[in-house]
Amino acid sequence: MQKKRATSRSIPSHGSFQADGSQRPVRLSFFNVDLQNANFETQSSADFTLGDPMRRLLLTSTFTLFTVIASLAANPTAASATWSVIAIDLDTGRVVVSSATCVAQGRFAGFPALGLMDIQAIVVPGIGVAAAQAGVDNTRENQNLIYEQLKLGTDPRLILDMLSEDPSIERRQFGIIDNQGRSIGFSGGDNGEASSSIQGKVPGTRIFYSVQGNILASDQVVTDAAYALEATDGDIIDMVMAAMEAADEAGGDRRCTCETEPVPDASCHSRNAHVAYILAADPDDREGDSFNNGDYFMYIDVTDENIETRENGNPVITLRMRYDAWKEANSSE
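Next comes the structure, spelled out in structure tokens:
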């Protein structure tokens, strides 16, 4: 059951956005930013064929004012300062979503939410998966819209068009994938520096993914996650777990350290988040009465409130420990 995990940081060959494996040109715009008057002026544009995560990053990288960055860093909303990885295997229909954030577990109660997964993940077993984060919609209207439209088979790009009617769209961040390999990422202009997403396909497979994050240590958090996912041997859950680790190693959420309160009673190695989780759902899993409370194949949750002394204060490291223990316990199944 234990699979070999990639430890190299070499860049693998990369897939493209299209479900059929072909590449398509996209138009990129470059901006002059008037910091004093908060104006963004389109300067020039060109067509590119995107073929690797670093170039795909250019499609959705967000350039924002330093005043917005300072404000968000000081007063993050629930699911802001967050990174996530979503993926779907078209051969099995399995969907996976995993995320980590420097928002402490205790803050979710006032949102209200049970935790990060409860407000962020949109899961439609066998059909699609999405993450809604940054200035996440606490009315859950956006999440329910994504959920219902995925069930209807709506193209993620059209779903994003519907979401754009939200007057707070510039505070939102989304990643959406469906069972046709169609995907979209969006980072609003008010999400702070190093806010971006990458969509891609694992070469030689029918596994599609999206990585997205905001208020990150750098854009390398997202690109390293994409590299690791594509380079990792194993099943789709192994790939997503490796991507989460790579993002963590690249700095993750830039506001957390091992000394940032609340501090779990455990040894700590380079903490870049307070909470983390990973969820996998199969096509025959029973759905619940909301967009993410079904009876799923796997769900592992790590928070600053449930980390044990024998584990690690870094929730991503503890997530790996618990995932490996889960795999060992289920290896005979």
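Start counting the sequence shown at 75; every next residue gets the next number (the numbering used here).
Ideal placement from N, C-alpha and C gives every residue a C-beta, glycine not left out.
Out of Thr-156, Asp-363, Gly-227, Gly-184, point me to the one whose CA is closest to Ala-206's CA. Here the closest residue by C-alpha is Thr-156.
Can you tell which of Arg-384, Asn-388, Leu-303, Thr-297 has the C-alpha that lies nearest to the C-alpha of Thr-334? Asn-388
Candidates Ser-158, Asp-163, Phe-365, Ala-403: which alpha carbon is nearest Gly-278's? When Ser-158, Asp-163, Phe-365, Ala-403 are compared, the shortest CA-CA separation from Gly-278 is found for Asp-163.
For the stretch 257-275 against the stretch 305-321, do three or more pairs of beta-carbon atoms, one drawn from each stretch, fall closer than 8 Å, so that the two count as touching? Short answer: they don't touch.
Would you report the Cα separation of Ala-195 and Gln-217, rounded to the nearest angstrom? 8 Å
Check whether the Cβ of Ile-250 lies closer than 7 Å to any heavy atom of the ligand GDP, and answer yes or no. You won't find the ligand GDP in this model; it holds no ligand whatsoever.
From which residue to which residue does the beta strand (DSSP E) around Phe-282 run? Phe-282 -> beta strand (DSSP E) spans 281-287.
Whether Asp-322 touches Leu-290 by CB criterion (8 Å): Taking 8 Å as the cut-off, the Cβ atoms of Asp-322 and Leu-290 do not count as close.
Within 10 angstroms of its Cβ, does Met-236 collect 16 or more other Cβ (buried), or is it exposed? exposed
Outcome for His-348 when other beta-carbon atoms lying within 10 angstroms are tallied against a minimum of 16: buried
Do the stretch 291-301 and the stretch 367-379 make contact, defined as three or more Cβ pairs closer than 8 Å? no
Mind listing, in chain order, the continuous beta strand (DSSP E) runs of no fewer than 3 residues lying wholly within the stretch 289-315? none
So which of Cys-342, Cys-330, Ser-257, Ser-284 has the shortest CA-CA distance to Ser-172? Ser-284
Which residues in the same chain as Val-276 place their Cβ atom closer than 6 Å to its Cβ, once the five residues preceding and following it in sequence are excluded? Answer for Val-276: Glu-304, listed in chain order.
Do the stretch 188-202 and the stretch 354-369 touch if we need at least three Cβ pairs shorter than 8 Å? They touch, by the three-pair rule.
Gln-33, enclosing beta strand (DSSP E) - first and last residue: Nothing in the structure corresponds to residue 33, since the chain is present only between 75 and 407.
Burial state of Arg-345, where buried means 16 or more other Cβ atoms lie within 10 Å: buried
How would you write the range of the beta strand (DSSP E) that Ile-258 sits in, first residue to last? 257-261
Jot down the residue ranges of each uninterrupted beta strand (DSSP E) in the stretch 338-363, minimum 3 residues, whole runs only, in chain order. Entirely contained in the stretch 338-363, the beta strand (DSSP E) runs reaching 3 residues are, in chain order, 349-355.
How about Gly-249 and Ile-193: do their beta carbons lie closer than 8 Å? no
Could you give the C-beta distance for Phe-182 and Asn-212, rounded to a whole number, given that I count them as a contact under 8 Å? So it is not a contact: roughly 10 Å between Cβ atoms.
What three-state label does DSSP hand Arg-394 in the structure shown? In the structure shown, Arg-394 sits in a helix (DSSP, three-state: H, G or I).
Which residues in the same chain as Tyr-397 place their Cβ atom closer than 8 Å to its Cβ, once the five residues preceding and following it in sequence are excluded? Ile-311, Met-315, Ile-352, Ile-374
Would the beta-carbon of Gly-262 fall within 8 Å of that of Ile-243? yes
Cβ-Cβ separation, Cys-176 to Arg-413 (assumed contact under 8 Å), whole Å: Because the chain is modelled from 75 through 407, residue 413 falls outside the range shown and cannot be assessed.
Val-390 versus Gly-325 - alpha carbon distance: Going by C-alpha positions, Val-390 is about 12 Å away from Gly-325.
For Phe-182, name the three-state secondary structure that DSSP assigns. Residue state, collapsed to three classes: helix.
By the three-class DSSP mapping on this structure, what secondary structure does Gln-254 have? When secondary structure is reduced to three states using DSSP, Gln-254 falls in the coil class, being assigned neither helix nor strand.
I need the boundaries of the beta strand (DSSP E) containing Asp-163, first residue and last residue. 156-163
Use the C-beta contact count for Asn-404: other C-beta atoms within 10 angstroms, 16 or more gives buried, fewer gives exposed. exposed
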